[in-house]
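Presented below is the structure to which this report refers.
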Amino acid sequence: MNKRILTLLSLSLFTASLFSQVNWKALYYVDYLDTLDGLVYTPRTDKPYTGKVLDLYANGNKMMEGAYKDGLMDEIWTYYYPDGVIKAKGQFVRGDGGNIHEASDIPQNGRNGEWIIYYPSGNMNAKYQYIDGAFDQVNLEWHYNGNKKTEMHYVEGTLDGPRMEWYENRQQKLDYLYVNGKKDGEWIAWYNNGKKKHHYFYDRGKEFHTQRVWWSNGNIKTEGNFKGGRKDGQFTFWYENGKKRMEGVYQNAKIVGLWTYYNEDGSVRKKLNPYTGNVYVDYYDNGNKKMEGNYKNKLMNGMWTYYYPDGVTKAKGRFLRGDGGNVHELSGIPQNGRYGDWTIYYPSGNVNAKYQYDVKGKFNQDKLEWHDNGNKKIEMHYANGIPDGPRVEWSGNGQKKRQYFHKEGKRDQTWTV
62 MNKRILTLLS LSLFTASLFS QVNWKALYYV DYLDTLDGLV YTPRTDKPYT GKVLDLYANG
122 NKMMEGAYKD GLMDEIWTYY YPDGVIKAKG QFVRGDGGNI HEASDIPQNG RNGEWIIYYP
182 SGNMNAKYQY IDGAFDQVNL EWHYNGNKKT EMHYVEGTLD GPRMEWYENR QQKLDYLYVN
242 GKKDGEWIAW YNNGKKKHHY FYDRGKEFHT QRVWWSNGNI KTEGNFKGGR KDGQFTFWYE
302 NGKKRMEGVY QNAKIVGLWT YYNEDGSVRK KLNPYTGNVY VDYYDNGNKK MEGNYKNKLM
362 NGMWTYYYPD GVTKAKGRFL RGDGGNVHEL SGIPQNGRYG DWTIYYPSGN VNAKYQYDVK
422 GKFNQDKLEW HDNGNKKIEM HYANGIPDGP RVEWSGNGQK KRQYFHKEGK RDQTWTV
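See below:
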């Protein structure tokens, strides 16, 4: 048997004068009550204990006092802070001492009727109603300064009725409603400054109608429609400065169509739907397109075009199941998944390079590059991603510079002109 660290107070054996002569120390009287399988027993017997109990702090002040009946917590129990201020007071009915509250260190199993919890100052912290250990009726909490904090309504442990909360300054924090444990009706919350935080609508636990959320400065943050608990309809999101952040449509909780994303100054940043195969469009801060292409099953597929900030085409080519990886250090364009013909341009609009890629994303056939003045710069030949054939280089003035010959990836001969 484990020992319950409690001091047995048998009024028939101990008198007040005797109490005054005993040096009581909490946590040291381990030989009075035994516990087994959730029941408390009279010492050295197999009889469940019935009677009063008392526990003390090391300073001699009461820690708790209560009673047991047939080995279970019963009647009124009172808990104290070390300085003697009452901490909590309430009734147990067949409490087994389990389900200890993390903050107060007081059992919750078996609580019945009214329980009052106090702050160390003596101010009321909470007033709870229980039935068989579960919350019931109206439950109230207060801030340390005495202002009301929470009011909640229960029916045998199930939330049923209004739930209201307040800030320390008495400003209302929220006003919710439960019906048989489910969210229902309008749910409204406010910031400490009195501005509305959100406004939701529920029908038997499911969101419906237009839901709105605001920033603490009063600007709208989110607005969207729900149907049967699912996102359904137009959704718009805003930055804290009041400018749109993004907008698009949900249908039965799934993104449909093109979503538009904005910069904080209001300019369009990108347009995207990675789930349906629609066009993805990204923008520079000046509003010009940065890139546009297609996604399919969250992978880059089909024709993609990249632009310089002034609108001149930077590159154009196809992807086949591109994951956006292996980004080219200079161009900032992914290389994984490139397929077929790719053309790269200078900011002037002149062709920079033309590349051929096979289905594995490897160089294949001719690889051509030009100087910005239009003169040819490099010509190479590939097979399955490996240099195979001549490589010729030219200076900007059109003069041949050097020539290599590769055979299956290995340089075979070198000429310098």
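Numbering (this note's numbering), first residue to last: 62 to 478.
No residue lacks a Cβ here, since even glycine has one placed at the ideal position from N, Cα and C.
Between the CA atoms of residue j and residue i - distance to the nearest angstrom
i, j, result
"Lys471", "Val342", "42 angstroms"
"Tyr17", "Asn278", "No information on residue 17 is available, as it lies outside the stretch 62 to 478 that the chain covers here."
"Tyr300", "Arg306", "6 angstroms"
"Phe296", "Lys332", "15 angstroms"
"Ile137", "Lys113", "10 angstroms"
"His260", "Asn280", "14 angstroms"
"Asp144", "Glu212", "30 angstroms"
"Tyr228", "Asp221", "23 angstroms"
"Glu325", "Val240", "41 angstroms"
"Ala149", "Tyr179", "6 angstroms"
"Asn200", "Ile167", "18 angstroms"
"Ala187", "Asn208", "11 angstroms"
"Phe380", "Asn358", "13 angstroms"
"Trp276", "Gly99", "51 angstroms"
"Glu430", "Arg382", "26 angstroms"
"Asp107", "Leu97", "10 angstroms"
"His432", "Gly372", "21 angstroms"
"Asp264", "Asp245", "5 angstroms"
"Asn413", "Thr283", "45 angstroms"
"Thr219", "Lys123", "35 angstroms"
"Lys304", "Trp320", "16 angstroms"
"Lys415", "Gly450", "17 angstroms"
"Gly266", "Lys288", "12 angstroms"
"Tyr224", "Tyr118", "Note that residue 224 is Arg in the sequence shown, not Tyr. So the two alpha carbons sit approximately 38 angstroms from each other."
"Arg452", "Pro370", "33 angstroms"
Cβ-based burial, residue i [other Cβ within 10 Å; buried from 16]
i, result
"Glu268", "buried"
"Ile161", "exposed"
"Tyr89", "In this prediction, Tyr89 has a pLDDT of 26, which is less than 50 and means its spatial position is unreliable; what the coordinates show is noted afterwards. Exposed."
"Gln272", "buried"
"Tyr140", "buried"
"Glu340", "The sequence shown places Val at residue 340, not Glu. The residue in question, Val340, is exposed, as its Cβ has fewer than 16 Cβ neighbours within 10 Å."
"Gln417", "buried"
"Gln169", "buried"
"Asp293", "buried"
"Gln460", "exposed"
"Val101", "buried"
"Lys468", "exposed"
"Pro104", "exposed"
"Pro181", "exposed"
"Gly127", "buried"
"Asp95", "buried"
"Met361", "buried"
"Gly156", "buried"
"His389", "exposed"
"Lys428", "buried"
"Tyr129", "buried"
"Leu391", "exposed"
"Asp135", "buried"
Residue i, enclosing beta strand (DSSP E) - first and last residue
i, result
"Leu220", "219-227"
"Asn507", "Any property of residue 507 remains undetermined from this structure, which presents the chain solely from 62 to 478."
"Val274", "270-275"
"Arg155", "147-156"
"Gln295", "291-299"
"Tyr345", "From DSSP, Tyr345 is part of no beta strand (DSSP E); its letter is neither H nor E."
"Leu319", "315-323"
"His214", "209-216"
"Phe424", "It is not in any beta strand (DSSP E) - Phe424 carries neither H nor E in the DSSP assignment."
"Leu333", "329-333"
"Leu201", "198-203"
"Ile161", "That residue, Ile161, is in no beta strand (DSSP E); it is neither H nor E in DSSP."
"Tyr261", "257-264"
"Gly450", "450-455"
"Val114", "112-117"
"Glu284", "281-288"
"Val310", "305-312"
"Gly372", "Where Gly372 is concerned, there is no enclosing beta strand (DSSP E), given that its DSSP letter is neither H nor E."
C-beta contact flag for residue i and residue j at 8 angstroms
i, j, result
"Ala376", "Tyr407", "no"
"Arg330", "Tyr311", "no"
"Tyr368", "Asn349", "yes"
"Met125", "Asp131", "no"
"Thr374", "Met352", "no"
"Asn436", "Trp455", "yes"
"Gly159", "Gly174", "no"
"Gly385", "Pro395", "yes"
"Val251", "Lys257", "The displayed chain sequence assigns Trp, not Val, to residue 251. Taking 8 angstroms as the Cβ cut-off, Trp251 and Lys257 qualify as a contacting pair."
"Lys423", "Asn445", "yes"
"Gly183", "Val146", "yes"
Item to complete: Would you be able to state if there are at least three C-beta pairs under 8 angstroms between the segment 183-201 and the segment 228-244?
Response: No: fewer than three Cβ pairs fall under 8 angstroms.
Discussion item. Within 8 angstroms, do at least three Cβ pairs link the segment 431-444 to the segment 390-406?
Written reply: Short answer: they don't touch.
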